[in-house]
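In UniProt numbering, the protein residues as written are 1 to 563.
By construction, the Cβ of each residue, glycine as well, lies at the ideal position given by its N, Cα and C atoms.
Put into C-alpha cells, the structure is as follows:
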C-alpha cells in the first residue's frame, strides 16, 4: 500500500481559519483540505440544512415532468413506477410510489426480474403496462439509454418520464421528460445525485406545485440517505445535506420497514457506514437472491408487525447472499491461478453457473486480492452478463467504451458498470479489455493508495478533537473519514495477534513515553514482526472510540504500519 500525504494548506490560511472558528491546527487543516475556507462555509458544513437544497425546477425537463404527472393524477390515469432492482432503484420506487399514493390510488410498482429481464427498462415491463392500461411510466435509476424501449412504449400510447443519474449516451430517449443532472444540456448546479435523489427532487417539485415545501417531505429522507450511502455518490453539496437529515430520520423516526431492519441488527444509532454495511446489503439481497419486489414491499409497508415479518425474510436472503458470494469468490480465485493470470493488468473471469445476483460483490472481493480493474461474467439467457468494478483513479466506463465493438450493452459509472455480450465475443473482449487497460492505466494505480490527511503527534489526540471529528460526518466520497499518520511509534510490549487465524493485531503504542494509546489493526496480523522488532515504526490510522462495559475510551484504528 502506498501512502500519499495530502498537501498541507498555506500557514496563513490555517491561521485565519483557526482565528475565525476558534479551532486548532488539525481541525483548520482538515476543513481547508475539504475546500471549506470561510466561517459561513464551515457553518454550512457542520450544520447542513434544507436551505442548501437547490430549486428542483433548475433541472432540465422538471416542469414537463410535473405537468404530465399532474395531468395523469387529475384524469385518473394509471401510473406505473418502474425502477432498478438494486438499493438505489428500490428505494427510488418506494419513495415515488409512496408519495404518489398520497395523491392518487392509481399507482403500481414494477421492478424487473434481474434474471429474466436484466438491468433497466424492459420490453416485458412495457407490455405489462400495456396489458393493464397504464398510460404513464415513471422510470427511476434507469432509462437514460432506453432509446428503443421508450419508442416501443410510445407506439403503444404509453408516456415515459425518466429519472436517472447515469451518463447519457449520444442520444436522449424521446420521453415526455428526461430528468438527469448529467445531461450536457442540464444546468442543474449539482451533478452527483443518486437515482433516489433525482426522484426526491421530482416529488419536491410536485409538492411545491401543491403549496408544500421540502420540509413537508422529511419522511422520505431515510430512503434518500440509504440510496446515497449504497450508491457511493460523493457526500458533498446536496448529498451531504440529504444524507445528514436522512440519517436523523433513520435514527429518530424511520419508516416501519427501516425500523424492522434496524431491529434485526440490534443497533441504536446508525452512521452512514452502518447504512452501507447493515441496511443496504439487506435491501440489495432481495433483488440479488429473489426479487426486488420484496425490498419495495418492505420499504412501503406501514404496519410494523408485517414489516418485521418481511425484514426476517430479507435477512435470510442476505445470509444466502453472503454464503454464495464467498463460494464464488473462492472459485474465481482458483480460476485466476489455473489460467496463470495473477500478473495481468485486469481480472476477467467467467463461469456460467455463477449467481448473477452476486457477481458485482465478487468483483469487489477479487480486487481485495488482485488490485486491478475487474469483471465477473456469468450466463444470462443466451448472453453473457458481467459486473465491472474498478480501482481508485481509473475510469472503467471509458475502458468499456473502448471495447464497445465486442459489447452488446453497457452502462454505469467511473468505478462500477454492467454489460452484456454474445458468448462468441468473450475471448476477443477479454483480450481487448486487457490491452486497453494496459495502455491507459497509470501503473501506480495498481497499488492501493492510502490517502493520509495529516501527520500529527499522539499528544494532540484528545476527547475534544474526537468530538469535533464526529461532526465531520456523514463520511463518504468527497468527505472521507480523516486518516492521520504518526512516526517514531513503539509498542509498549503487549502487542499481539488476535482474532481467528491471528488476522488482526492489538497493541498499545507510545511516542514520547508519556503518551500511550491502544491500537487495533484489522487484517494487519501479518505486520506483527514490525511490532515485535522493537524498532520505531510509522502508523496510518483513524481516531476511534472503544465502547466496553459502559466505558468509552479513545483508540486508534490502524489502516497500515511501516518500519
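Residue(s) in a DSSP beta bridge with residue 486: Counted from its first residue, the chain shown places residue 486 at position 486. In DSSP, residue 486 forms a bridge with 539.
Whole-angstrom distance between residue 150 and residue 4, CA atom to CA atom: Residue numbering aside, residue 4 sits at position 4 when the chain shown is read from its first letter. Residue numbering aside, residue 150 sits at position 150 when the chain shown is read from its first letter. Residue 4 and residue 150: Cα-Cα distance of roughly 47 Å.
Neighbour-count burial assignment, residue 482, 16 or more Cβ in a 10 Å radius: On the chain shown, residue 482 is found 482 positions in, with the first residue counted as 1. The residue is buried, with at least 16 neighbouring Cβ atoms inside 10 Å.
Outcome for residue 106 when other beta-carbon atoms lying within 10 angstroms are tallied against a minimum of 16: In the chain shown, counting from the first residue as 1, residue 106 sits at position 106. Buried, since its Cβ has 16 or more Cβ neighbours within 10 Å.
Which listed residue (284, 512, 164 and 76) has its alpha carbon closest to that of residue 261: The sequence position of residue 261 within the chain shown is 261, counting from 1. The candidate whose alpha carbon is nearest that of residue 261 is 284.
Cβ-based burial, residue 81 [other Cβ within 10 Å; buried from 16]: The residue labelled residue 81 in the question sits at position 81 within the chain shown. Classification of residue 81: buried, given that the 10 Å Cβ count is 16 or more.
CB of residue 88 within 8 Å of CB of residue 194, strictly: Residue mapping note: residue 88 aligns to position 88 of the chain shown, counting from 1. Residue mapping note: residue 194 aligns to position 194 of the chain shown, counting from 1. It is a contact, given that the beta carbons lie within the stated cut-off.
Residue environment, residue 111, which counts as buried when at least 16 other CB atoms sit within 10 Å: To locate residue 111, count along the chain shown from 1; it is residue 111. By the neighbour-count rule (16 or more Cβ atoms within 10 Å), residue 111 is buried.
Residue 373 to residue 345 span [Cα, whole Å]: Stepping through the chain shown from its first residue, residue 373 is reached at position 373. Stepping through the chain shown from its first residue, residue 345 is reached at position 345. Approximately 7 Å, taken between the alpha carbons.
Exposure of residue 181, with buried meaning 16 or more beta-carbon neighbours within 10 Å: Locating residue 181 in the chain shown gives position 181, where the first residue counts as 1. By the neighbour-count rule (16 or more Cβ atoms within 10 Å), residue 181 is buried.
Residue 250 beta carbon less than 8 Å from that of residue 265: Working through the chain shown from its first residue, we reach residue 265 at position 265. Working through the chain shown from its first residue, we reach residue 250 at position 250. No.
Reduced DSSP category for residue 459 - H, G, I as helix; E, B as strand; rest coil: The sequence position of residue 459 within the chain shown is 459, counting from 1. In the structure shown, residue 459 sits in a helix (DSSP, three-state: H, G or I).
Nonlocal neighbours in the same chain, by C-beta distance under 8 Å from residue 393, ignoring five residues either side: Your numbering for residue 393 matches position 393 in the chain shown. Taking residue 393 as the centre and dropping the five residues before and after it, the same chain places the C-beta of 442, 445 and 449 closer than 8 Å to its C-beta, in chain order.
Which of helix, strand or coil DSSP assigns to residue 235: Numbered from its first residue, the chain shown carries residue 235 at position 235. Note: residue 235 maps to coil in three-state DSSP.
For residue 389, the nearest candidate out of 417, 168 and 244 (CA to CA): Locating residue 389 in the chain shown gives position 389, counting from the first residue. Of the listed residues, the one whose Cα sits closest to residue 389 is 417.
Per-residue DSSP class, three states only, for residue 409: The residue labelled residue 409 in the question sits at position 409 within the chain shown. Strand, per DSSP.
Residue span of the beta strand (DSSP E) that contains residue 504, given as start and end: Numbered from its first residue, the chain shown carries residue 504 at position 504. It spans 504-510 - the beta strand (DSSP E) in which residue 504 sits, taken as one unbroken run.
Cutoff 7 Å; reference residue 297; Cβ partners in own chain excluding five residues on either side: Here the question's residue 297 lines up with position 297 in the chain shown. The residues 310, in chain order, have a CB closer than 7 Å to that of residue 297 in the same chain once the five nearest residues on each side in sequence are set aside.
Where the alpha helix (DSSP H) through residue 531 begins and ends: For the purposes of this step, residue 531 is taken as residue 531 along the chain shown, with counting starting at 1. Residue 531 -> alpha helix (DSSP H) spans 528-532.
Burial state of residue 119, where buried means 16 or more other Cβ atoms lie within 10 Å: Residue mapping note: residue 119 aligns to position 119 of the chain shown, counting from 1. Buried, since its Cβ has 16 or more Cβ neighbours within 10 Å.
Those residues which DSSP pairs with residue 476 across a bridge: Position 476 of the chain shown, counting from 1, holds the residue named residue 476. 479.
Rounded straight-line distance, which links the Cα of residue 464 to that of residue 505: Residue numbering aside, residue 505 sits at position 505 when the chain shown is read from its first letter. Residue numbering aside, residue 464 sits at position 464 when the chain shown is read from its first letter. In a straight line, the C-alpha of residue 505 is about 27 Å away from that of residue 464.
Neighbourhood of residue 68 by C-beta, 8 Å cutoff - its chain only, sequence neighbours within 5 removed: Stepping through the chain shown from its first residue, residue 68 is reached at position 68. Here the set comprises 136, 159, 161, 176 and 177.
Inter-residue spacing [alpha-carbon to alpha-carbon] between residue 438 and residue 179: In the chain shown, the residue the question calls residue 438 occupies position 438. In the chain shown, the residue the question calls residue 179 occupies position 179. Taking the straight line from one Cα to the other gives about 36 Å.
Secondary structure of residue 327, DSSP reduced to three states: If you number the chain shown from 1, residue 327 lands on position 327. The answer is helix: DSSP assigns residue 327 an H, G or I state.
Test item: CB-CB of residue 268 and residue 289 under 8 Å: The residue you call residue 268 lines up with position 268 of the chain shown. The residue you call residue 289 lines up with position 289 of the chain shown. No, the pair does not count as a contact, with Cβ atoms beyond the cut-off.
Exposure label - residue 348; buried when at least 16 CB within 10 Å: The count along the chain shown starts at 1 and reaches residue 348 at position 348. That one is buried.
Segment limits, beta strand (DSSP E) that includes residue 142: Taking the first residue of the chain shown as 1, we reach residue 142 at position 142. No beta strand (DSSP E) contains residue 142, which DSSP labels as neither H nor E.
Three-state class that DSSP yields for residue 320 in the structure shown: To locate residue 320, count along the chain shown from 1; it is residue 320. Three-state result, residue 320: helix.
Span of the beta strand (DSSP E), counted from its first residue to its last, around residue 559: Reading the chain shown from its first residue, position 559 is the one you call residue 559. From DSSP, the beta strand (DSSP E) with residue 559 extends over 551-562.
Proximity below 8 Å, CB of residue 224 to CB of residue 197: Here residue 224 refers to the residue found at position 224 of the chain shown. Here residue 197 refers to the residue found at position 197 of the chain shown. A contact, by the Cβ cut-off of 8 Å.
Delimiting residues of the alpha helix (DSSP H) encompassing residue 113: The residue labelled residue 113 in the question sits at position 113 within the chain shown. Premise fails: residue 113 is in no alpha helix (DSSP H) and is neither H nor E.
N-terminal and C-terminal residue of the beta strand (DSSP E) that residue 104 is part of: Counted from its first residue, the chain shown places residue 104 at position 104. From DSSP, residue 104 is part of no beta strand (DSSP E); its letter is neither H nor E.
Helix, strand or coil at residue 436 [DSSP, three-state]: Reading the chain shown from its first residue, position 436 is the one you call residue 436. DSSP places residue 436 in helix when its eight states are reduced to three.
8 Å Cβ cutoff met for residue 307 and residue 294: Indexing the chain shown from 1 puts residue 307 at position 307. Indexing the chain shown from 1 puts residue 294 at position 294. No, these two residues do not count as a Cβ contact at 8 Å.
8 Å Cβ cutoff met for residue 192 and residue 239: Here residue 192 refers to the residue found at position 192 when the chain shown is read from its first residue. Here residue 239 refers to the residue found at position 239 when the chain shown is read from its first residue. Going by C-beta atoms, residue 192 is nearer than 8 Å to residue 239.
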